[in-house]
Amino acid sequence: MKKRTLVPLAAALAGAAFALDVEADPPDGGRADPAALARVAITDTPRGEGAIEALRELGPSGLVALLEEHAEAVQALRRGESGHAGLRRALDRVSGQRDGHASGLYWFTDLGRARRAARALDRPVLSLRMLGRLDEERSCANSRYFRLMLYANERVARLLASRFVLHWSSEREQVPQITVDLGDGRRIESTITGNSVHYVLDAEGRPLDVIPGMYTPEGFARALEEAHGLWRRCAGRGRACVAEAHREGLVELTRRWNRGRLPGAPPFAALAGYRPGPQGAGTGVGPGGPWPRVPARNALPVAITKSGIEMPLLGGLTGQTGAPPPWASWHARPAMVFDARSRGLLRLKSGQRDTRALEARLVALVQEDELQNEFMVRAEIRERLASDPPATLEALNAWVYAEVFLTPASDPWLGLRDETLFDGIER
């Protein structure tokens, strides 16, 4: 097949390829030809399976080989053309993410390997924490929209590939799902509850910055640039540097709120009163003992894009109408456009050629998400990092999920079960 170079993303990935050489010997003692492996990997055979595993072990260079060997088919997929199932399967496995053809990004699932690569490349680690798995279709809604609107975006993908080492891990391997059976063969299925967050770490695994939830591509790129600057400033300098940087970040966040603030909007300091909180929280009992229980209806608003999809199925549970949140009219909406690759992925996954109505709805939801995540959720996280930054990723993540996302790991039911209610069904 005639090949076309996928520039500049392949070049950025190739620049990272050597980082794995210090960790593992290449397959077959170094004799494997990546291009030959890439040709075999798309076949549904035992040899194809072995080729996929070998390319994955090669790291970013294995992904580059697969993208380059099948460049024309990759471009067709990026335009939203269907087919090429074998190639999609291989790219998802080698890249470590579902819809890997759209992003062209390589993700580690072992933080130790990611840190070694970051050390070799002199880069920070961007570590995604999520419900489910990034390489599966039905991961949590946040991560699905990351794949659609952030990782597939050409500018964001280039920034991720050239400035960061990427890693993901699961907060919970299983994503809660709800099925509405209409009794006549029709079923509505969706995931419910749960949030995702990007952590920026130095090569020693120390947390430097946090980007919670969904952003527009433009807002996410800005947050990545800020986080990269913080890494350059504070990597290896200790928590005092991180705290000082986030104190300055809160001052800048206040300025940005004031610049875009619309008539009738509250001052920045008053936004803390509108953060999602554990109203109605109680306690529950599980295998590990009692845990603070936050109803799922209170956790859902932390992610508007998710709730825009999940609320129709949870209307009775949440009691919410789907009306825009109040802050949607308090601040100028961030700019957002669907770039060509995101539009192609939306066409491929929705089966629709004209996606303008879908795009308009998604843009509105993501703009609202960014306003909340940047000025309320991230502000709350910045306050913690500015005063008492956790020394480890584990401590920071536990606090974020319990106190910010309101879904503590100690609650096995994620707020979906209320021990004080009886539904009349015999157990």
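If you count by the working numbering, then the sequence shown holds residues 671 to 1097, one letter each, in order. The beta carbon of each residue, even a glycine, is placed where N, CA and C say it ideally should be.
Helix, strand or coil at residue i [DSSP, three-state]
{"i": "D851", "result": "strand"}
{"i": "T924", "result": "helix"}
{"i": "I862", "result": "coil"}
{"i": "S1057", "result": "helix"}
{"i": "Y869", "result": "strand"}
{"i": "M800", "result": "strand"}
{"i": "V1070", "result": "helix"}
{"i": "R808", "result": "coil"}
{"i": "V1007", "result": "coil"}
{"i": "L878", "result": "strand"}
{"i": "V710", "result": "helix"}
{"i": "S840", "result": "strand"}
{"i": "R1017", "result": "helix"}
{"i": "R793", "result": "coil"}
{"i": "H740", "result": "coil"}
{"i": "F1045", "result": "helix"}
{"i": "F646", "result": "Missing from the structure shown is residue 646; the chain here goes from 671 to 1097 and no further."}
{"i": "E1050", "result": "helix"}
{"i": "R902", "result": "helix"}
{"i": "R1103", "result": "Since the first and last residues shown for the chain are 671 and 1097, residue 1103 lies out of range."}
{"i": "H754", "result": "coil"}
{"i": "R749", "result": "coil"}
{"i": "G699", "result": "In this predicted model, G699 has a pLDDT of only 44, less than 50, meaning its place in the structure is not dependable; the value taken from the coordinates is given anyway. G699: helix per DSSP, three-state reduction."}
{"i": "R945", "result": "coil"}
Distance between beta carbons of residue j and residue i, contact taken as under 8 Å
{"i": "R902", "j": "C911", "result": "Not quite, the Cβ-Cβ distance comes to about 11 Å (not below 8 Å), so this is no contact."}
{"i": "P887", "j": "M1006", "result": "7 Å"}
{"i": "R768", "j": "D714", "result": "Not confirmed; about 18 Å, so no contact."}
{"i": "F1045", "j": "L941", "result": "6 Å"}
{"i": "S1117", "j": "F816", "result": "Any answer about residue 1117 is impossible in this case: the structure gives the chain only from 671 up to 1097."}
{"i": "A711", "j": "L725", "result": "6 Å"}
{"i": "P882", "j": "R1048", "result": "6 Å"}
{"i": "L798", "j": "H868", "result": "5 Å"}
{"i": "H771", "j": "R748", "result": "7 Å"}
{"i": "A706", "j": "S773", "result": "No, A706 and S773 are not in contact; Cβ-Cβ is about 25 Å, not under 8 Å."}
{"i": "R909", "j": "P730", "result": "Between P730 and R909 the Cβ distance is about 31 Å, and since that is not below 8 Å, they are no contact."}
{"i": "A897", "j": "V870", "result": "4 Å"}
Where residue i falls, given that 16 or more other Cβ within 10 Å makes a residue buried
{"i": "T1077", "result": "buried"}
{"i": "S1020", "result": "exposed"}
{"i": "R857", "result": "exposed"}
{"i": "Q844", "result": "exposed"}
{"i": "Q1022", "result": "exposed"}
{"i": "Q1042", "result": "buried"}
{"i": "R841", "result": "Here residue 841 turns out to be Glu, not Arg, going by the sequence shown. Buried."}
{"i": "D854", "result": "exposed"}
{"i": "V826", "result": "buried"}
{"i": "D762", "result": "buried"}
{"i": "P994", "result": "exposed"}
{"i": "S1012", "result": "buried"}
{"i": "P716", "result": "exposed"}
{"i": "R622", "result": "The structure shown does not extend to residue 622, since the chain is modelled only from 671 to 1097, so the question has no answer here."}
{"i": "G753", "result": "exposed"}
{"i": "D879", "result": "buried"}
{"i": "G943", "result": "exposed"}
{"i": "R793", "result": "buried"}
Neighbourhood of residue i by C-beta, 8 Å cutoff - its chain only, sequence neighbours within 5 removed
{"i": "S1057", "result": "A913"}
{"i": "G718", "result": "V710, A711, I712, G756, A760"}
{"i": "G875", "result": "L781, R785, V795, T1062, L1063"}
{"i": "R920", "result": "In the sequence as presented, Arg is not what sits at residue 920; that position holds Leu. Once the five neighbours on either side are set aside, the close Cβ partners of L920 are A1049, R1052, E1053, A1056."}
{"i": "L1028", "result": "L1016, S1020, Q1022"}
Cβ shell of residue i (< 6 Å), same chain only, five flanking positions each side left out
{"i": "E1040", "result": "Y885, T886, G889, P1004"}
{"i": "G750", "result": "G1014, R1017, L1018"}
{"i": "T924", "result": "F938"}
{"i": "A708", "result": "A735, L736, E739"}
{"i": "W1117", "result": "The structure shown does not extend to residue 1117, since the chain is modelled only from 671 through 1097, so no value can be given for it."}
{"i": "W997", "result": "L1041"}
{"i": "V1033", "result": "M1006"}
{"i": "E1064", "result": "none"}
{"i": "A784", "result": "F778, V795, V835, H837"}
{"i": "D851", "result": "R857"}
{"i": "A935", "result": "W1000"}
{"i": "G864", "result": "L801, C810"}
{"i": "F1008", "result": "E1029"}
{"i": "R1026", "result": "none"}
Neighbourhood of residue i by C-beta, 7 Å cutoff - its chain only, sequence neighbours within 5 removed
{"i": "A1068", "result": "A1079"}
{"i": "A915", "result": "L900, R903, C904"}
{"i": "E1038", "result": "I974, P994, P995, A998"}
{"i": "L829", "result": "A891, L894"}
{"i": "G906", "result": "D872"}
{"i": "L932", "result": "S999, W1000, H1001, A1002"}
Pairs of beta-carbons, one from the stretch 1067 to 1076 and one from the stretch 808 to 823, closer than 8 Å: are there three or more? No, they do not touch.
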